[in-house]
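Written out below as structure tokens is the structure these notes cover.
Residue numbers (this note's numbering): 945 to 1420.
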């Protein structure tokens, strides 16, 4: 999944106590590991038992509580159902811009207070923006739950009075500089922008990345930004997960106290799926300040959790996960024509994509890479995969899934997954369904998915080559 996240490390140096940070991290790992493994080890082959309670406030805010008293730590995780897909061409980058503005103070919380409280507790916090959602999370000792809920509620209900023209200009410049550092001046950095511009036509969500464009960020007015916030950052467009060492009745009281009085917002318009299928292969060549050429092959796949999604994830694992994977073994180890290779399938709300990325070794062209990849894909399409490959992939996915649940908060932890399931599917406790869909995949499903979605003549082929060496690009 394409996301833009910010660590705010420059701001945090002034506050953070290194010893507190490592103590909190250790306690979080120790406690959640003990609790999660006790739930999953006895039922590894059947089901996961993660206690969850969900309810909704009168203003539409969905609340999910997960009690885990193994260590005195809580995770507060809030998702807003808004991402770059909710933006309009000409006004892009707003969702990610708010990821910055949300940490800059609100009506009752002065600038810097958020980090001062979180970091002063020895805690951690961060946020990220994707195509379809924005999330914010904090991990703090359990006695800091109330001030964190106050901070989150003030950002939700009273951020706009804190957004001045000066503050907007400052954070706009920060984001524009982030775009230069992460994309424009980064080796191979413009690859993702070129890929999504090629996969999705102009005006279609996902045509632009969450970071937005320099021109749109410059053109954004204070009124534009505030209007975007009023529509999307309302309680009826948010999902709040609180997990860890909590008392359920007291936590409900605190949630009602701090969030209950925030007015419900307008009904949220949702972008709809469009026909974005490729009719032919699109070839793009980009010169860059790089030493080695790199090839990107991308296809449209399926939406998250739809039929074929799990099969494609297993296919990507078989292709490039580990030294015994098909592409690594063939291109890097046996033929020794590639420096590295990776593949992945990402499902989003409106569409999904499957990608293969390979860096050529010196002396080889991207046409060599494309041919070698095509050969490996054709083997799977014609002859399928082996039973041991499928089982190894399932075992790896299951182990990684269980390991992920040992983490209470942060990106991809239990509270984050609860929010993902709730926002996109309306049911926070989909852990078993998520895990089971991989176990249901058969060898024939992987072969069928490869043949159906990875068509050789309907994909985006991006070649990034050193400046002045266009001949190294992939040719038709």
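Backbone N, C-alpha and C fix where the C-beta goes; we use that ideal spot for every residue, glycine too. Quantities reported herein were computed from a predicted structural model and do not represent experimental measurements.
Is residue 1270 helix, strand or coil by DSSP? Counting from one through the chain shown, the residue named residue 1270 turns up at place 326. For residue 1270, the secondary structure class from DSSP, reduced to helix, strand or coil, is helix.
Please state the DSSP three-state secondary structure of residue 1051. Reading the chain shown from its first residue, position 107 is the one you call residue 1051. Residue 1051: coil per DSSP, three-state reduction.
Considering only the alpha carbon of each residue, which of 1167, 1147, 1270, 1135 lies closest to residue 1234? Translated into the one-based positions of the chain shown, residue 1234 becomes position 290. Ranking 1167, 1147, 1270, 1135 by Cα distance to residue 1234 puts 1135 first.
Using C-beta distances below 8 Å, list every residue in its chain close to residue 972, excluding the 5 sequence neighbours before and after it, in chain order. Counting from 1 along the chain shown, the entry for residue 972 is found at position 28. Legend: pLDDT at residue 972 = 47, less than 50; position of this residue unreliable, no value from coordinates given.
Endpoints, alpha helix (DSSP H) assigned at residue 1094: Within the chain shown, the letter at position 150 stands for residue 1094. Here the alpha helix (DSSP H) through residue 1094 covers 1089-1102.
Pairwise C-alpha distance: residue 1001 and residue 1131: Along the chain shown, one-based indexing puts residue 1131 at 187. Along the chain shown, one-based indexing puts residue 1001 at 57. Approximately 47 Å, taken between the alpha carbons.
Three-state secondary structure (DSSP) of residue 1408: The sequence position of residue 1408 within the chain shown is 464, counting from 1. Strand.
Between residue 1179 and residue 1028, how many whole angstroms is the CB-CB distance? I'm expecting something under 8 Å. Residue mapping note: residue 1179 aligns to position 235 of the chain shown, counting from 1. Residue mapping note: residue 1028 aligns to position 84 of the chain shown, counting from 1. Wrong, their Cβ atoms sit about 22 Å apart, outside the cutoff.
For residue 1285, list the residues DSSP reports as bridge partners. Here residue 1285 is taken as the residue at index 341 of the chain shown, counted from 1. Looking at the DSSP assignment, residue 1285 forms a beta bridge with 1302.
Helix, strand or coil at residue 1188 [DSSP, three-state]: If you number the chain shown from 1, residue 1188 lands on position 244. Here residue 1188 sits in strand by DSSP.
Hey, residue 1250 and residue 1291 are a contact pair by Cβ (cut 8 Å); roughly how many whole angstroms apart? For the purposes of this step, residue 1250 is taken as residue 306 along the chain shown, with counting starting at 1. For the purposes of this step, residue 1291 is taken as residue 347 along the chain shown, with counting starting at 1. Indeed they touch by this definition, with Cβ atoms about 7 Å apart.
Suppose contacts are defined by Cβ-Cβ distances below 7 Å. Is residue 1120 in contact with residue 1158 by that definition? Stepping through the chain shown from its first residue, residue 1120 is reached at position 176. Stepping through the chain shown from its first residue, residue 1158 is reached at position 214. The answer is yes: Cβ separation under 7 Å.
Around the C-beta of residue 1048, are 16 or more other C-beta atoms found within 10 angstroms, so that it is buried, or is it exposed? Position 104 of the chain shown holds residue 1048. Counting Cβ neighbours within 10 Å, residue 1048 comes out buried, since at least 16 surround it.
If contacts are defined as beta-carbon pairs under 8 Å, then residue 1237 and residue 1346 qualify, I think. What distance do you get, rounded to the angstrom? On the chain shown, residue 1237 is found 293 positions in, with the first residue counted as 1. On the chain shown, residue 1346 is found 402 positions in, with the first residue counted as 1. Incorrect: roughly 39 Å between the Cβ atoms, too far for contact.
Cβ pair count under 8 Å reaching 3, the region 1358-1373 against the region 1303-1314: no
Within 10 angstroms of its Cβ, does residue 1099 collect 16 or more other Cβ (buried), or is it exposed? Walking along the chain shown from the start, residue 1099 turns up at place 155. That one is buried.
Residues of its chain near residue 1198, where Cβ-Cβ distance is below 8 Å and the 5 sequence neighbours each way are ignored: To locate residue 1198, count along the chain shown from 1; it is residue 254. Cβ within range, chain order: 1089, 1090, 1093.
Please state whether the Cβ-Cβ distance between residue 1382 and residue 1329 is less than 7 Å. In the chain shown, the residue the question calls residue 1382 occupies position 438. In the chain shown, the residue the question calls residue 1329 occupies position 385. Cβ atoms of residue 1382 and residue 1329: not closer than 7 Å.
Closer than 8 Å is the cut-off here; do at least three beta carbon pairs connect the region 1037-1056 with the region 1097-1111? Because the criterion of three Cβ pairs below 8 Å is met, the region 1037-1056 and the region 1097-1111 touch.
For the candidate residues 1274, 1265, 1394, 1304, whose alpha-carbon lies nearest to that of residue 1327? Here residue 1327 corresponds to residue number 383 of the chain shown, with the count starting at 1. For residue 1327, the nearest C-alpha among the options comes from 1394.
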